C-alpha cells in the first residue's frame, strides 16, 4: 500500500493535476443542475483520481515541492481544529454549490463558486504564507475557465 501511495504522491507533483482537479466543478454543477444525485456522487468519486492521471515530473518545480510538503505537514501534523475547519469548509462549499445549482440558481451558484475559490486562495496564503502562493495561479485560471464555461452554457441554453 505504501508503494501505491508513493506512486500517487510523485504524480501529484505534476502541476497539470492542480489545473484539472478544479475543473471537476463543471460536471459537479451540471449534475446538480440536472438533479442527478448519482452524477454528483460519481463526480466526487472520480475527483481524487486526478492525483495520478499525469506522469511524475522529471523535475518538479521547487514551489510545487514546497507547497506539497507544507500541505502534507498540515494534513498529517497540523492543528486538529484547523484540519477539521478545512474539512467542514470544503463540505459546506460543495453542499452550497450543489444546492444552488440544484435549485437552478446559476447566478447564486457562481457567487458560491467564486467565493469558495477566493476563500481557498486566502486560506492557502494565510496558513501557508509565501509557500501558499503556489495555489493562486491554478485556482484563478480554473476559476476563470469555470466562469466562462458556465456563462456560455447558460447563455446558449437560455438566450
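Residue numbers (this note's numbering): 60 to 218. Yeah, the Cβ is synthetic: ideal placement off N, Cα and C, and Gly gets one too. Keep in mind the model is a prediction, meaning the values are calculated, not measured.
A Cβ-Cβ separation of about 7 Å places residue 87 in contact with residue 156 under the 8 Å criterion. Beta-carbon to beta-carbon, residue 114 and residue 80 are separated by about 16 Å, too far to satisfy the 8 Å threshold.
Cα atoms of residue 89 and residue 132: separation of roughly 34 Å, rounded to the nearest angstrom.
For residue 119, same chain residues with a beta-carbon under 6 Å away, outside a window of 5 residues either side, are 72 in chain order. In this structure, residue 152 lies away from residue 168, with their beta-carbon atoms at least 8 Å apart.
Closest by C-alpha distance to residue 112, out of 68, 138 and 162, is 68. When the Cα atoms are used, residue 191 and residue 178 turn out to be separated by approximately 13 Å.
Cα atoms of residue 127 and residue 214: separation of roughly 38 Å, rounded to the nearest angstrom. Here the alpha carbon of residue 62 sits roughly 47 Å from the alpha carbon of residue 216. Closest in alpha carbon position to residue 144, among 182, 165, 104 and 163, is 182. Excluding residues up to 5 positions away in sequence, 87, 90, 91 and 157 lie with their Cβ nearer than 8 Å to the Cβ of residue 99 in the same chain. Residue 187 sits close to residue 129, with the two beta carbons spaced by under 8 Å.
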